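Trainee: Sharing a structure below in structure tokens format, with a few things to ask.
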Amino acid sequence: MPQLENEHLMHVNQIEPTSEYQKNHPSSPILKNFEEYKTLYNESIENPTEFYGRIARKELDWIKDFDVTKYPLTGFNTSWFLNGEINASYNCVDRHAFKNPDKPAIVYEADEPGEGRIVTYGELLAEVSQLAQVLTELGVKKGDTVAVYLPMIPEAIATILAIVRIGAVHSVVFAGFSSGSLRDRINDADSRVVITTDESKRGGKSIETKKIVDEALKECPNVRNVIVVKRTGNKSVPFIEGRDVWYHEELPKYKTYTPPVPVNSEDTLFLLYTSGSTGKPKGIQHTTAGYLLNALLTTKYTFDVNQQDVFFTAGDIGWITGHTYVVYGPLAVGATTVVFEGTPAYPNFSRYWEIVDKYKVTQFYVAPTALRLLKRAGDHFIEKYDLSSLRVLGSVGEPIAAEVWEWYYEKIGRGRCTIQDTYWQTENGSHLIAPLAGITPMKPGSASLPFFGINPAIVDPVSGQELKGNNVEGVLCIKASWPSMTRSIWKDYSRYLDTYFNPYPGYFFTGDGGARDSDGFYWVLGRVDDVVNVSGHRLSTAEIEAAILENPNVAENAVVGFADELTGQAVAAFVSLKRKDLSEDQISLAKKELTQTVRKEIGPFAAPKLVLIVDDLPKTRSGKIMRRILRKVLAHEEDQLGDISTLSNPEAVTQIISSVQATR
Ligand code: 6R9
Numbered sequence: 001m002p003q004l005e006n007e008h009l010m011h012v013n014q015i016e017p018t019s020e021y022q023k024n025h026p027s028s029p030i031l032k033n034f035e036e037y038k039t040l041y042n043e044s045i046e047n048p049t050e051f052y053g054r055i056a057r058k059e060l061d062w063i064k065d066f067d068v069t070k071y072p073l074t075g076f077n078t079s080w081f082l083n084g085e086i087n088a089s090y091n092c093v094d095r096h097a098f099k100n101p102d103k104p105a106i107v108y109e110a111d112e113p114g115e116g117r118i119v120t121y122g123e124l125l126a127e128v129s130q131l132a133q134v135l136t137e138l139g140v141k142k143g144d145t146v147a148v149y150l151p152m153i154p155e156a157i158a159t160i161l162a163i164v165r166i167g168a169v170h171s172v173v174f175a176g177f178s179s180g181s182l183r184d185r186i187n188d189a190d191s192r193v194v195i196t197t198d199e200s201k202r203g204g205k206s207i208e209t210k211k212i213v214d215e216a217l218k219e220c221p222n223v224r225n226v227i228v229v230k231r232t233g234n235k236s237v238p239f240i241e242g243r244d245v246w247y248h249e250e251l252p253k254y255k256t257y258t259p260p261v262p263v264n265s266e267d268t269l270f271l272l273y274t275s276g277s278t279g280k281p282k283g284i285q286h287t288t289a290g291y292l293l294n295a296l297l298t299t300k301y302t303f304d305v306n307q308q309d310v311f312f313t314a315g316d317i318g319w320i321t322g323h324t325y326v327v328y329g330p331l332a333v334g335a336t337t338v339v340f341e342g343t344p345a346y347p348n349f350s351r352y353w354e355i356v357d358k359y360k361v362t363q364f365y366v367a368p369t370a371l372r373l374l375k376r377a378g379d380h381f382i383e384k385y386d387l388s389s390l391r392v393l394g395s396v397g398e399p400i401a402a403e404v405w406e407w408y409y410e411k412i413g414r415g416r417c418t419i420q421d422t423y424w425q426t427e428n429g430s431h432l433i434a435p436l437a438g439i440t441p442m443k444p445g446s447a448s449l450p451f452f453g454i455n456p457a458i459v460d461p462v463s464g465q466e467l468k469g470n471n472v473e474g475v476l477c478i479k480a481s482w483p484s485m486t487r488s489i490w491k492d493y494s495r496y497l498d499t500y501f502n503p504y505p506g507y508f509f510t511g512d513g514g515a516r517d518s519d520g521f522y523w524v525l526g527r528v529d530d531v532v533n534v535s536g537h538r539l540s541t542a543e544i545e546a547a548i549l550e551n552p553n554v555a556e557n558a559v560v561g562f563a564d565e566l567t568g569q570a571v572a573a574f575v576s577l578k579r580k581d582l583s584e585d586q587i588s589l590a591k592k593e594l595t596q597t598v599r600k601e602i603g604p605f606a607a608p609k610l611v612l613i614v615d616d617l618p619k620t621r622s623g624k625i626m627r628r629i630l631r632k633v634l635a636h637e638e639d640q641l642g643d644i645s646t647l648s649n650p651e652a653v654t655q656i657i658s659s660v661q662a663t664r
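For the sequence shown, UniProt numbering begins at 1 and goes up steadily by one.
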């Protein structure tokens, strides 16, 4: 049997979904048992055309039926549901509003407890329709891109759906990004209209959202209009006549119904920028029918969501989790989605549980970083809450450690709920590997088994050969396309091929290490490229390095991730300054400035936790910075550096070791 490097992780017993889960079920679970999953899964792999053709016709409402379910071009370049016509906003709003206009679509919990409102499917249809007409009036046409820079408020959901209602493409930019990042994303996507708020509120603080947009737009010559949602009403917020229009003033000018524009299955639904190995963010391009179908199916099957459910994804619409599991998945199913504007810590660490009890949340989905924070805050923040409405608990964005999993299971789930550790990426659109609620046995720390249609492979990183059988470890790849797979990187199809398909020909490469254990369960072992994961935020070290280099005092720098108890990983920057004769005070000022530079260039969430000023960075003779050495030193593994005598400057390593040790 091969020796697995991470074998210690994988000796975990399976936990069967409790019988209470089935017993307390308000209707009936989506699947009867694990056998049924296996049968459907096998069909989805052996006969994807039959499986997906049938399920797409059953689950989605089509304007025109598709002719071909799956059309393989070259390799993975696959199109789905060809020649079909559909509209995503119709599937997420109209079809539910027609049946049940008074049913809550959105439950909005504002940053301030006690504030918020409910938006029914009928009201959502009216708001989406009116905004769709505002966009049309502002000249937005089918295929145009619209930038969305909004906090977690109901208008954000209406905006996304209004854009796709007229066949336009949304490009949501996380409202924590700085003006520079926003500017780059607006220009790359060639967005002509931006939607934002006057200000936003988070954790009791006001954020000057509109000012950030105005700053970005100084260098976005193609933006014609800004639609501004009044969130706080602060009178001092700048308003540029002729360019800016108020959301609340424009909408009432239009009738409350406008028909959806038919789009082709393969027309672009949205762009979402994410970080990769190089500095430039990638505009991940998703298409309409395939993405929508998988968003719906995973919501329904992974989380066992049905129409009576209240689904609370505590993620932001600025990231893929918010796209798929705040907006498209729950609304396509016809459930109620919770839109939470605030943070888990404001006004105190009970906030999530208060929301769960208040709205009788049935599914709760969050990143482990929040769970680690809440676990550390203490169980007295949980104990007085009932939490009996919860059936399913989800985890996303980073590995969940076994002790956090168990805490979640016992303290929040009270031993009754199932836990779905869902592994997936911006590029995949929806879950790749995840246990199905109440069906798949769970193993703390393992994302378990693949979703329908996903055929994972563990590939040897050196030979590129697939490692068959169980007890194997390598890089995690997928063997065939699935409907919600990204079709391209915006305006950079060759980068798309280079990133995902060329590294291991014949496979989609995830960028993650992975293993299959003796039971055939999958374990995700973290990124094998230069991507770090801070609090579930995906950051490119190259992008942070480029930001640091903007500071005129910097000669060179290298950024790597290191383990952090709370945020999973944290960012460390090793920087050599142009001047080497600085005093202690000047050095500490320089460090502060560098952190500021990253906050300004990218956003506060990317700021390095550790900045080390060094004379020199370790390099190969060909001049490549050896980031591997920096990672090892930060991980206390200075005894495992290997042969450093071949470096051009081995003495740099000694200085780095002592400066890292001085921080401990
Ligand atoms: C959905 C999302 C993707 C990267 C991915 C991996 C990490 C996500 C995970 C997980 C372990 C899980 N990741 N889910 N690692 N277990 N359940 O987070 O998308 O922002 O694109 O990040 O996140 O490293 O490659 P995205």
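The C-beta atom is built at its ideal place from N, Cα and C for all residues, glycine as well. Keep in mind the model is a prediction, meaning the values are calculated, not measured.
1) Who are the near neighbours of Ser395 in its chain, counting only those whose CB is closer than 6 Å to its CB and skipping five residues on each side?
2) Are Ser178 and Ile602 touching if we call contact CB-CB under 9 Å?
3) Identify the continuous beta strand (DSSP E) that holds Pro552 and give its terminal residues.
4) Mind reading off the beta-carbon distance from Thr145 to Leu271? Whole number of angstroms is fine, and I expect it under 8 Å.
5) Looking only at DSSP bridge pairs, what is Ile544 linked to?
6) Would residue 672 and Ala132 be called neighbours here (beta carbons separated by less than 9 Å)?
7) If contact is defined by three or more beta carbon pairs under 8 Å, each pair taking one atom from either stretch, is the stretch 260 to 271 in contact with the stretch 223 to 230?
8) Tell me the residue span of the beta strand (DSSP E) that contains Glu473.
9) Just to check, is the beta-carbon of Pro26 closer than 8 Å to a non-hydrogen atom of the ligand 6R9?
10) Specify, as a first and last residue, the run of the alpha helix (DSSP H) that Lys99 falls within.
11) Rounded to the nearest angstrom, how far is the Cβ of Leu647 from that of Thr620, given a contact under 8 Å?
12) By Cβ distance, which residues of its chain are closer than 8 Å to Asn6, with the 5 residues on each side in sequence left out?
13) Grab me the residues of Gly116's own chain with a C-beta within less than 7 Å of its C-beta, minus the 5 sequence neighbours each way, in chain order.
14) Cα separation between Leu374 and Arg351?
15) So for Gln285, helix, strand or coil by DSSP?
16) Cα separation between Ala332 and Trp424?
17) Does Gln596 pass the burial test, meaning 16 or more other C-beta atoms within 10 Å, or should it be called exposed?
18) If you reduce the DSSP assignment to three classes, tell me which class Thr646 lands in.
19) When DSSP labels each residue in this structure, what does Tyr196 get in the three-state scheme?
20) Return yes when the Cβ of Thr343 is within less than 9 Å of the Cβ of Asp309, no when it is not.
21) What did DSSP end up calling Ser659 once you bin it into helix, strand or coil?
22) Which residues mark the beginning and the end of the beta strand (DSSP E) in which Val356 is found?
23) How would you label Thr39, buried or exposed, when you count the other beta carbons within 10 angstroms and need 16 or more for buried?
24) Is Arg57 closer than 9 Å to Asp67 when the C-beta atoms are compared?
25) Looking at the ligand 6R9, does it come within less than 8 Å of Gly526, judged from the CB to the closest heavy atom?
26) Is it true that the CB of Thr49 sits closer than 9 Å to the CB of Lys32?
27) If you drop the 5 nearest sequence neighbours on each side, which residues of the same chain put their C-beta closer than 6 Å to that of Tyr301?
28) Would you say the beta carbon of Asp421 comes nearer than 8 Å to a heavy atom of the ligand 6R9?
29) Tell me where the beta strand (DSSP E) around Arg527 begins and ends.
30) Rounded to a whole number of angstroms, what is the C-alpha to C-alpha distance between Tyr21 and Glu410?
31) Out of Leu293, Lys211, Glu155 and Val237, point me to the one whose CA is closest to Leu251's CA.
32) In this structure, what does DSSP give as the bridge partners for Ser79?
33) Output the distance between the C-alpha atoms of Tyr37 and Asp564, rounded to the nearest integer angstrom.
34) Following a CB-centred definition, is Thr343 positioned closer than 8 Å to any heavy atom of the ligand 6R9?
35) Could you tell me the distance, in whole angstroms, from the CA atom of Gly290 to the CA atom of Pro483?
36) In whole angstroms, what is the alpha-carbon distance linking Ile629 and Val193?
Mentor: Quick look at the numbers:
1) Once the five neighbours on either side are set aside, the close Cβ partners of Ser395 are Pro368 and Asp421.
2) The Cβ atoms of Ser178 and Ile602 sit closer than 9 Å to each other.
3) No residue range can be given for Pro552, since it is assigned to no beta strand (DSSP E) and is classified by DSSP as neither H nor E.
4) Going by Cβ atoms, the distance from Thr145 to Leu271 rounds to 7 Å, so yes, they are a contact pair.
5) Per DSSP, Ile544 has no beta-bridge partner at all.
6) Any property of residue 672 remains undetermined from this structure, which presents the chain solely from 1 to 664.
7) Because the criterion of three Cβ pairs below 8 Å is not met, the stretch 223 to 230 and the stretch 260 to 271 do not touch.
8) Segment Val472 to Ile478, the beta strand (DSSP E) holding Glu473.
9) For the ligand 6R9, not one heavy atom lies less than 8 Å from the Cβ of Pro26.
10) Counting along the chain, the alpha helix (DSSP H) containing Lys99 begins and ends at Arg95 to Lys99.
11) At roughly 6 Å, the Cβ-Cβ gap stays under 8 Å, so Leu647 and Thr620 are in contact.
12) Cβ within range, chain order: Glu473, Ala515, Trp523 and Leu525.
13) So the qualifying residues of the chain are Tyr108, Glu109 and Ala110.
14) Annotation: Leu374 to Arg351 spans about 10 Å, alpha carbon to alpha carbon.
15) Assignment of Gln285 by DSSP, reduced to helix, strand and coil, places it in the strand class.
16) Spanning the two alpha carbons is a distance of roughly 20 Å.
17) With fewer than 16 Cβ atoms within 10 Å of its Cβ, Gln596 is classed as exposed.
18) Note: Thr646 maps to coil in three-state DSSP.
19) According to the sequence displayed, residue 196 carries Thr and not Tyr. The three-state reading of DSSP puts Thr196 in strand, counting E and B together.
20) No, they are not a contact pair.
21) Residue state, collapsed to three classes: helix.
22) Run containing Val356: none in the beta strand (DSSP E); it sits in the alpha helix (DSSP H), Arg351 to Tyr359.
23) Thr39 sits exposed, since fewer than 16 C-beta atoms from the chains shown fall within 10 Å of its C-beta.
24) No, they are not a contact pair.
25) At least one heavy atom of the ligand 6R9 is found less than 8 Å from the C-beta of Gly526.
26) No, Cβ-Cβ distance for Lys32 and Thr49 is not below 9 Å.
27) A distance below 6 Å between beta-carbons, with the five flanking residues on each side excluded, links Tyr301 to the following residues of its chain, in chain order: Ile30 and Leu436.
28) Checking the Cβ of Asp421 against the ligand 6R9 gives yes.
29) In this chain, the beta strand (DSSP E) harbouring Arg527 covers Tyr522 to Arg527.
30) Rounded to whole angstroms, Tyr21 to Glu410 spans 14 Å at the Cα level.
31) Minimum Cα distance to Leu251 is reached at Glu155.
32) Beta-bridge pairing links Ser79 to Tyr71.
33) Rounded to the nearest whole angstrom, the CA to CA distance from Tyr37 to Asp564 is 37 Å.
34) No, Cβ of Thr343 sits at least 8 Å from all heavy atoms of the ligand 6R9.
35) Each residue's Cα considered, the two are about 4 Å apart.
36) So the alpha carbons of these two residues sit roughly 45 Å apart.
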